[in-house]
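First up is the structure itself, then whatever we jot down about it.
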Amino acid sequence: MKIGFMPAAEPISRLIEELGKLPGIGPKSAARLAYYLLRTPETEARALAEAIIAVKERTVLCSSCQTITDSDPCAICTSDERDHSIICVVKEPLDILALERTGRYKGVYHVLHGVLSPMDGIGPEDLKIRDLTRRIESGSVEEVILATNPNLEGEATAMYIQRLLTPLGLKVTRLARGLPVGGDLEYADEVTLTHALESRQAM
Ligand SMILES: [Zn+2]
6 MKIGFMPAAE
16 PISRLIEELG
26 KLPGIGPKSA
36 ARLAYYLLRT
46 PETEARALAE
56 AIIAVKERTV
66 LCSSCQTITD
76 SDPCAICTSD
86 ERDHSIICVV
96 KEPLDILALE
106 RTGRYKGVYH
116 VLHGVLSPMD
126 GIGPEDLKIR
136 DLTRRIESGS
146 VEEVILATNP
156 NLEGEATAMY
166 IQRLLTPLGL
176 KVTRLARGLP
186 VGGDLEYADE
196 VTLTHALESR
206 QAM
């Protein structure tokens, strides 16, 4: 890769290339970050590199809720202070952070790691849906809140899971409207999210 008319030294162009693969980072930002890191003290640069490696090497999926954790089962699944009879189903681990920020939800979670998307070839078997039904069948779950995003794929996924769960005879609810349509849960503010959670409706 060339920076202006001067080719960058190989380690720098390599770093620029890697940074450019991150979401939201274009070639210019990648170059700016690379040169920033070049000027950073070695201890800081090393801390960043080690944090990146640790996130890959020292995390696993929680065998119960499928979130990313450094201890299996995760802190929420093992907590006595959580209501294990309510499971909130989300698309990705980041959604848990958003719901936890409200401080209002005391149940547990289940992470699907995606949503149904026939266009992208993502079917039910690509998501952690079977893990969810298995979990419900072996536990004492009373309510499942479907908290997938309020967009086409999120709605389709919620409908699919609802149909799957109805015969199991438990309460299935969906977050109330009011979340920005087409928006992601992770970007919703706490007040909106709290409202959506407290006004959830039976499907
Ligand atoms: Zn867990």
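Using the numbering used here, read the sequence shown as starting at 6 and increasing by one per residue. The C-beta atom is built at its ideal place from N, Cα and C for all residues, glycine as well.
query                                                                                                                                      : result
Quick one: does the C-beta of Pro78 sit closer than 7 Å to a heavy atom of ligand 1?                                                       : yes
With H, G and I counted as helix, E and B as strand and the rest as coil, what does DSSP make of His118?                                   : coil
Count the other CB atoms within 10 Å of the CB of Val65; is the residue buried (16 or more) or exposed (fewer)?                            : exposed
Comparing C-alpha positions only, which one of Leu42, His115, Arg109 and Arg37 sits nearest to Ser68?                                      : His115
If you scan the stretch 8-46 from start to end, which runs of the alpha helix (DSSP H) of 4 or more residues do you find wholly inside it? : 15-24 and 32-44
What does DSSP give as the partner residues of Lys176 in its beta bridges?                                                                 : Glu148
Nearest by alpha-carbon distance to Met124: which of Arg109, Glu158 and Arg37 is it?                                                       : Glu158
To which residues of the same chain is Leu117 closer than 6 Å at the C-beta, ignoring the five residues directly before and after it?      : Lys96, Leu132 and Lys133
Taking C-alpha atoms, which residue in Ala193, Thr197, Asp75 and Arg179 lies nearest to Arg216?                                            : Nothing about residue 216 can be read from this structure; the chain reaches only from 6 to 208.
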